[in-house]
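J.: Below are the structure tokens for one structure; questions will follow.
In the numbering used here, the protein residues as written are 89 to 504.
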């Protein structure tokens with residue numbers, strides 16, 4: 089039955105004698121960490137972590153075992169030993185839960201020493217664990233290695249999956265990801281912790297999710313330690329997670345570890361659902377208010393000749409608390425009034441110019457295209473205004489003025 093991996097402090101570096109002892113004695117223990125889908129309240133599988141114990145009794149984690157400058161042949165022996173131990177430990181789990189996946193770490197730096205591939209497939213056959221239930225997990229530094237490319241191709245042909253661990257980096261190796269086309273991409277804590285004042289991290293995570301969609305793969309956040317982190321990731325759209333947050337609580341009375349993991353997932357799912365319902369209700373109320381303002385502005389403009397549109401927009405931006413900006417386009421998308429900002433938000437940017445955008449042709453902008461095709465209104469998701477530098481949501485709608493001519497009113501609303 090799986091045990092939860094727990095964090096360990098780095099140990100002094102091993103020497104060659106120490107690692108030879110580990111290899112000779114096969115003194116590797118395996119711990120598992122669940123990989124979960126919080127949305128569906130299920131456990132996808134487990135990542136196997138290899139551990140050992142030094143002669144002085146100190147516990148050695150993967151960093152201690154692999155974080156030294158061993159030659160490639162030694163690394164390959166150690167990697168194969170750890171994979172075999174992981175499969176042996178996973179087999180009892182798989183016999184009872186055959187839907188489970190095993191995320192199996194592979195040292196990409198060792199593969200150059202392999203004269204031929206096939207040890208892993210032979211092990212999976214011997215233990216009756218199909219390759220399609222095994223994800224070979226490779227770390228970012230080795231993704232562009234020719235040996236890794238050959239290794240991945242060999243096992244892909246035999247039905248094995250691929251998971252790529254981006255480790256602690258902030259960037260994304262897009263070229264390597266498109267070349268390898270993994271089934272899963274894992275990213276680490278630097279992208280979802282210490283987010284106050286660093287809102288760009290949310291954008292980076294969501295960009296990674298969009299890249300994964302292009303590749304047809306799944307994003308997993310790893311090393312999730314708290315429920316607040318789990319909820320934050322769910323709000324960002326990351327539903328697959330792993331980490332100590334999902335391991336068994338010390339005070340849990342549940343004896344079945346898998347059921348204990350399941351309970352933790354269900355608890356976080358419930359907490360997120362409650363928060364999401366409240367957020368949806370709040371957003372609905374906000375947009376109902378936005379549409380009331382839209383109707384009021386459209387009514388005022390509809391009663392006015394075109395020459396008075398700018399004055400109406402100025403008054404409405406000043407009087408309506410939620411309005412950040414208002415302006416009018418011709419039916420073909422040409423801006424015919426200046427952008428009228430709420431006082432205190434007027435921005436002097438090169439994008440606006442002295443006429444605050446008047447005369448700019450927006451004929452190919454999405455809202456204009458949709459309205460011209462027959463839509464009543466167009467709502468743009470929340471974004472940062474490039475002019476006022478505040479978070480806004482934009483709504484555009486067609487209206488007819490006192491002379492019966494069609495126009496488009498564009499409103500930007502302040503968002504919390």
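Beta carbons: idealized from backbone N, C-alpha and C, even for Gly.
1. Short of 7 Å in beta carbon distance, which residues of its chain neighbour residue 385, apart from the five on each side in sequence? Order them along the chain.
2. Under 6 Å Cβ to Cβ from residue 352, same chain only, skipping five residues before and after it: list those, please.
3. Could you pull out every residue in the same chain whose Cβ sits closer than 6 Å to the Cβ of residue 293, ignoring the five residues on either side in sequence?
4. Compute the Euclidean distance between the alpha carbons of residue 243 and residue 205, then round it to the nearest angstrom.
5. On the CB-based measure, 16 or more other CB atoms within 10 Å of its CB, does residue 107 come out buried or exposed?
6. How about residue 169 and residue 116: do their beta carbons lie closer than 8 Å?
7. Are three or more beta carbon pairs between the segment 304-314 and the segment 271-287 nearer than 8 Å?
8. Where DSSP assigns a beta bridge to residue 422, which residues make up the other side?
9. Just to confirm, does residue 473 get its C-beta within under 7 Å of one of the non-hydrogen atoms of the ligand NAD?
10. Mapping DSSP to helix, strand and coil, what is residue 257?
11. Determine the extent of the beta strand (DSSP E) in which residue 480 is found, giving its start and end residues.
12. Label residue 141 either buried or exposed according to how many other C-beta atoms from any shown protein chain fall within 10 Å of its C-beta, with 16 as the threshold for buried.
13. Fully enclosed by the segment 258-329, which alpha helix (DSSP H) runs are 4 residues long or longer?
14. Rounded C-beta distance between residue 407 and residue 495? I'm assuming under 8 Å.
15. Using a Cβ-Cβ cut-off of 7 Å (strictly less than) and excluding sequence neighbours within five positions of residue 313, which residues of its own chain qualify?
16. In whole angstroms, what separates the C-alpha of residue 446 from that of residue 427?
17. Per the DSSP calculation, residue 416 is bridged to which residue(s)?
18. Take the Cβ of residue 425 as the centre, count every other Cβ of all protein chains shown within 10 Å, and call the residue buried at 16 or more, exposed below.
19. List the endpoints of the continuous alpha helix (DSSP H) containing residue 85.
20. Give the range of the alpha helix (DSSP H) segment to which residue 346 is assigned.
21. Ordered along the chain, which non-local residues of its own chain (more than five positions away) have a Cβ less than 6 Å from that of residue 287?
22. Classify residue 122 as helix, strand or coil using the three-state DSSP reduction.
23. For residue 557, which beta-bridge partners are listed by DSSP?
24. Between residue 163 and residue 149, which are expected to be in contact by the criterion C-beta below 8 Å, what is the C-beta distance as a whole number of angstroms?
25. Say whether the segment 183-198 touches the segment 214-223, bearing in mind that this needs 3 or more beta-carbon pairs closer than 8 Å, one atom from each stretch.
26. Can you tell me which of the three DSSP states residue 533 falls into?
27. Taking only three categories from DSSP, how would you classify residue 458?
28. Contact check, residue 197 vs residue 160 under 8 Å by CB: the rounded distance?
29. In angstroms, rounded to a whole number, what distance separates the CA positions of residue 328 and residue 129?
30. Would you check if the distance between the CB atom of residue 356 and the CB atom of residue 315 is smaller than 8 Å?
31. Bridge partners of residue 139, per DSSP?
32. So, using beta-carbon positions, are residue 208 and residue 235 closer together than 8 Å?
33. My output table needs one value for residue 151: the three-state DSSP class, helix, strand or coil.
34. Let me know if residue 295 comes out buried or exposed under the rule of 16 or more other beta-carbons within 10 Å of its beta-carbon.
35. Is it the case that the Cβ atoms of residue 489 and residue 399 are separated by a distance below 8 Å?
36. Can you tell which of 218, 231, 256, 259 has the C-alpha that lies nearest to the C-alpha of residue 247?
T.: Checking against the coordinates, here is how it stands:
1. 404, 414, 497, 499
2. 334
3. 279, 324
4. 9 Å
5. buried
6. yes
7. yes
8. 449
9. As for the ligand NAD, it is missing from this structure, which has no ligand bound.
10. coil
11. 479-488
12. exposed
13. 262-268, 288-303, 315-323
14. Contact doesn't hold; Cβ gap of about 21 Å is too wide.
15. 331, 332, 333
16. 7 Å
17. 497
18. buried
19. Since the first residue of the chain shown is 89 and the last is 504, residue 85 is not available in this structure.
20. 345-390
21. none
22. strand
23. Lying outside 89 to 504, the shown extent of the chain, residue 557 is not represented and no answer is given.
24. That belief does not hold up - the Cβ atoms of residue 163 and residue 149 are roughly 16 Å apart, past 8 Å.
25. yes
26. There is simply no residue 533 to check, as the chain begins at 89 and stops at 504 in what is shown.
27. helix
28. 7 Å
29. 10 Å
30. yes
31. 117
32. no
33. helix
34. exposed
35. no
36. 218
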